[in-house]
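Notes for the one structure printed next.
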Amino acid sequence: MSDPSYAPPVRRLMLELAKLPGVGNRTAQRLAFHILRAPAEDAAGLADAIVEVKQKIALCELCFNLTDETRCRICQDSRRDHSLICVVEEPSDVIPMERTHEYHGVYHVLGGALSPIDGIDPEDLKISELFVRVASGGAAVQEIVLATNPTTTGEATALHIAEELRARAPELTVTRLASGLPVGSDLEYADEVTLGKAFAGRRAV
C-alpha cells in the first residue's frame, strides 16, 4: 500500500478502502482502480453518498435502529405490533428479519453483545433502555423476542436480558429464536427460510 509508484492521492484512496471490513490490500487496489476508471459523476455520487449518510443517519430514539428521522420508519408504523419487541445486536440484523416477512413487531437494537473479555459490559449496550421501554410500555408490551446471534457472546447477552426481565417484569413473555440458526453464525448471513422457521418456532427462555 506504500508503493511509491502510485501517486499520493491514489495511495490514500487505497489506504482508506483497505480499512473497510473484508477488504484487503489487493481488493482495495482493485476498487481504487475501478473508481479511477468510473465516470467522474459516479465517483462524485459515491463520495456524496458517504458524506450524506454520515451527516444524516443517526439512531432511532426508541429502538436505536438507523434512521434519518427522530424515530425510524418501523417505530412510526402503526400497523406494526408494538406489543412485540425483537431484540437484536446490530442494525444490520434488522434487514434479514424483515426479509422473512414472518415478523410484524418492532425492534430494539443493543449495539453489540456482552463480552467482558473485550470490555463490553451491560452499561455499554442499550440494555437499560430496553428495560425502561418495557416498564414505560406497561401492559402494552407483551413479548420480548431475544434474537441475538447464536454465538457465545450472543447467548450470554440473551441469558442476561432474560434473567433481568424475569426479575423486573415476571408477567412478560420472553422467548428466544428456535433452532434452525446454525451455532456460531451471524443473523446477517442467514437466509429467509431459516430465519422464518426460527421465528415460527421461537421458545420461552
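Count along the sequence shown from 1, then add 1218; that gives the number in the working numbering.
Idealized CB from N, CA, C, for every residue including glycine.
Small disclaimer: the values here were computed from a predicted structure and weren't measured.
The alpha helix (DSSP H) enclosing residue i, as first and last residue numbers
i: Arg-1248; result: 1243-1255
i: Glu-1341; result: Premise fails: Glu-1341 is in no alpha helix (DSSP H) and is neither H nor E.
i: Gly-1263; result: 1258-1274
i: Arg-1230; result: 1226-1235
Nearest candidate by alpha-carbon position, reference residue i, set the options
i: Ser-1310; options: Leu-1377, Gln-1360, Leu-1284, Cys-1304; result: Leu-1284
i: Arg-1317; options: Gly-1330, Ala-1267, Tyr-1407, Glu-1389; result: Tyr-1407
i: Ala-1353; options: Ser-1301, Pro-1314, His-1319; result: Ser-1301
i: Leu-1249; options: Val-1228, Val-1269, Cys-1278, Ala-1267; result: Val-1228
i: Lys-1274; options: Asp-1266, Leu-1280, Phe-1417; result: Asp-1266
Residue j beta carbon less than 8 Å from that of residue i
i: Lys-1344; j: Val-1327; result: yes
i: Val-1423; j: Arg-1394; result: yes
i: Asn-1243; j: Glu-1307; result: no
i: Leu-1383; j: Leu-1390; result: yes
i: Ile-1362; j: Val-1324; result: no
i: Leu-1332; j: Thr-1371; result: yes
i: Ala-1380; j: Leu-1364; result: yes
Beta-carbon contacts of residue i that lie in its chain and below 7 Å, excluding the five residues immediately before and after
i: His-1322; result: Arg-1298, Asp-1299
i: Leu-1261; result: Correcting the residue type first, residue 1261 is Ala in the shown sequence and not Leu. Excluding sequence neighbours, Ala-1261 sits near Ile-1253.
i: Val-1223; result: It is worth fixing the name first, because residue 1223 is Ser in this sequence and not Val. Closer than 7 Å at the Cβ level, and outside the excluded window around Ser-1223, lies no residue.
i: Cys-1293; result: Cys-1278, Leu-1280, Cys-1281, Val-1324
Endpoints, the beta strand (DSSP E) within which residue i is located
i: Glu-1361; result: 1361-1364
i: Gly-1329; result: Unbroken run through Gly-1329: none, as it is neither H nor E.
i: Ile-1303; result: 1299-1306
Own chain, CB closer than 6 Å to residue i, minus 5 neighbours either side, in chain order
i: Cys-1271; result: The displayed chain sequence assigns Val, not Cys, to residue 1271. Taken in chain order, the list of residues that qualify is empty.
i: Cys-1290; result: Cys-1278, Asn-1283
task: Please specify which runs of the beta strand (DSSP E), each continuous and at least 3 residues long, are wholly inside the segment 1364-1418, giving them in chain order.
output: 1391-1394
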